[in-house]
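A.B. asks: Residue numbers (the numbering used here): 13 to 137.
Glycine is no exception: its CB is placed at the ideal position from the N, C-alpha and C atoms.
Would you mind keeping the following structure in view while I ask a few things?
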Ligand code: SF4
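In C-alpha cells form, the structure reads like this:
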C-alpha cells in the first residue's frame, strides 16, 4: 500500500489534471487504490492546505464531494497577444538594457488591457 504522503501527492496531481471538470472523490480513490476513509482524510488535508476545493454533489443517490484544483494551468492563450512576442526590440530588451520592460509603453498598455478585461468579466465598472 502506498504511503500517505505519496498518495497525497498522487491525488493532488490527479486532481490538478482534471481541470474545471473536477473529479468525484470516490472515483479518485478508486483510481489511486485507496480506501474511502483514507481518501476523505487526504482530500480534507489538501483542502485545508488550500490546494483543492471540495463541493458537495449528489451522485447516484449518495452525497459525495467533487474535488477541483485551486490552481489553474497556465495557458499559452493568456500571453498570445503579448507585444513582446512579436517585438523587434525583444532581443535587446531587458531590465538593464537600452529598451526595458520597466518603461515599455506597449507592454504597459497590454497589461492595462488585461486588467480591464478582467474587470469587464467580473462585472466591475
Ligand atoms: S517590453 Fe516592450 S520593448 Fe521589450 S520586448 Fe516587450 S514590447 Fe518589446
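To which residues of the same chain is residue 88 closer than 8 angstroms at the C-beta, ignoring the five residues directly before and after it?
C.D. replies: Correct list: empty, nothing qualifies.
A.B. asks: Given 8 angstroms as the limit, is there contact between the region 26-43 and the region 65-82, that is, 3 or more CB pairs closer than that?
C.D. replies: As far as the Cβ criterion goes, the region 26-43 touches the region 65-82, which means the pair count is three or higher.
A.B. asks: Suppose the cutoff is 6 angstroms on Cβ atoms and the five residues either side in sequence are ignored; what does the same chain contact list for residue 113 look like?
C.D. replies: Result list for residue 113: 119, in chain order.
A.B. asks: Quick check on residue 129: does DSSP put it in helix, strand or coil?
C.D. replies: Reduced to three states, the DSSP call for residue 129 is helix.
A.B. asks: Could you tell me if residue 46 is buried or exposed, where buried requires 16 or more neighbouring beta carbons within 10 angstroms of its beta carbon?
C.D. replies: Burial call: buried.
A.B. asks: Hey, would you say residue 64 sits closer than 8 angstroms to residue 27, going by beta carbons?
C.D. replies: The answer is yes: Cβ separation under 8 angstroms.
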